[in-house]
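K.L.:
Residue 178 in this note's numbering sits at position 152 of the sequence shown, and the numbers go up by one each step.
Glycine is no exception: its CB is placed at the ideal position from the N, C-alpha and C atoms.
Quick caveat: nothing in here was measured; it's all calculated off a predicted structure.
Right, I'll just put the structure down here and ask away after.
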Amino acid sequence: MLARLKSVLDRALMDARYSYVSSENFVLVGGTSKLRLVQDFLSYCIDQAVQVPDAPDEMIAKGCAILAGIKERQGEVRDLLLSDICPFTLGTAVVGDRFSPIIERNSPLPTSRTEHYYTAELGQSEVRVEVYQGEMMKASQNLFLGELEVPVPVNKKAHEGFTIRFTYDLNGILDVEVTIDSTKEVFNHVILQESITLTEDEIKEKQDALARYKINAQETEVYRFLIEKANRVYSMLLGRRRDELMAETRRFEEEVKEASMYHLPKLYQSFSNYLEFLERGL
């Protein structure tokens with residue numbers, strides 16, 4: 027049991043990009059955390075004391091209740107904003123039974139991600155998009171969630187291109203969208219968790235709600251304005267300050283690429299403040 031506990035702790039810290047040294051507070055929740063053996067073992071692993079709430083077993087129940095209330099927009103918690111992550115990788119199968127991730131594990135939710143692909147053969151008339159969940163390199167070794175068969179124009183001169191977009195929300199609803207490059211035709215398929223049962227009208231309503239997450243952050247006016255402003259400031263700087271701005275801009279671009287729509291405004295504001303600071307020093 028302790029070996030399994032250690033592996034889970036290591037994985038959580040690695041995913042969060044933390045180390046034992048850089049993490050200041052460890053709070054244990056759940057009934058097992060009442061065991062003195064668990065508390066002592068974790069304290070030994072991280073070389074510091076761990077915190078245990080008065081009722082660690084009740085914390086799980088309270089968390090589930092708050093989560094349910096937020097999802098249903100009920101009562102006093104209906105206006106709270108829940109930030110969550112995707113605990114597993116979602117992707118598709120490509121030639122050779124290889125797993126191609128689209129939404130990486132630990133992506134903030136709700137999220138929408140795209141990847142571009144091509145037909146495997148010339149003259150291909152159909153593409154089968156198989157959806158998998160897991161962390162294995164071989165697609166067949168991951169959990170199969172569903173598939174979408176998409177007709178593509180027969181092209182004997184070049185491989186036909188298409189974009190696959192996965193949009194995933196807090197309720198466990200995965201919208202799979204395939205857009206053909208040459209015709210711009212769009213095909214959709216919704217994959218639900220086994221515990222979720224919805225009518226056709228409810229599924230359509232959920233799809234409409236997910237549509238607002240299907241934005242390309244690099245195409246927004248705010249993003250383009252900030253990049254243009256960064257280029258303008260860069261042209262007025264010299265030496266080391268130019269290198270610093272280039273590094274910050276690259277970091278900003280990478281963070282925007284991975285951020286959810288809820289985190290974008292904060293990233294935009296932070297980068298804008300940085301550019302204004304540089305401008306004031308000119």
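1) Reducing DSSP to helix, strand and coil, say where residue 74 ends up.
2) Could you compute how far the alpha carbon of residue 311 sits from the alpha carbon of residue 129?
3) Rounded to whole angstroms, what is the Cα-Cα separation between residue 262 and residue 269?
4) Tell me which same chain residues have a C-beta within less than 8 Å of the C-beta of residue 305, skipping the five on either side of it?
5) With the cut-off set at 8 Å, would you say residue 118 and residue 126 are in Cβ contact?
6) Give the straight-line distance between the Cα atoms of residue 120 and residue 292, rounded to the nearest whole angstrom.
7) Below 8 Å, can you find three or more Cβ-Cβ pairs linking the segment 244-257 to the segment 193-212?
8) Using only CA atoms, which one of 177, 158 and 175 lies nearest to residue 168?
9) Mind checking whether residue 252 and residue 298 have CB atoms under 8 Å apart?
10) How many Å lie between residue 47 and residue 185 at the Cα?
11) Based on Cα-Cα distance, which residue from 197, 170 and 151 lies nearest to residue 181?
12) Can you give me the Cβ contacts of residue 58 inside the same chain, cut-off strictly under 8 Å, excluding the 5 residues immediately before and after it?
13) Just to confirm the assignment, what range does the alpha helix (DSSP H) spanning residue 154 have?
14) Around the Cβ of residue 194, are there at least 16 other Cβ atoms within 10 angstroms (buried) or fewer (exposed)?
P.N.:
In short, the structure shows the following:
1) Three-state DSSP puts residue 74 in coil, outside helix and strand.
2) Because the chain here runs from 27 to 308, residue 311 falls outside it and cannot be looked at.
3) Rounded to the nearest angstrom, the two C-alpha atoms are 12 Å apart.
4) 259
5) Closer than 8 Å, so yes.
6) 36 Å
7) no
8) Considering only alpha carbons, the answer is 158.
9) yes
10) At residue 47, the pLDDT of 49 sits below 50, so the modelled position is not reliable; the number obtained from the coordinates is stated separately. Those two C-alpha atoms are separated by around 50 Å.
11) 151
12) 64
13) Unbroken run through residue 154 is the beta strand (DSSP E), 152-159; no alpha helix (DSSP H).
14) buried
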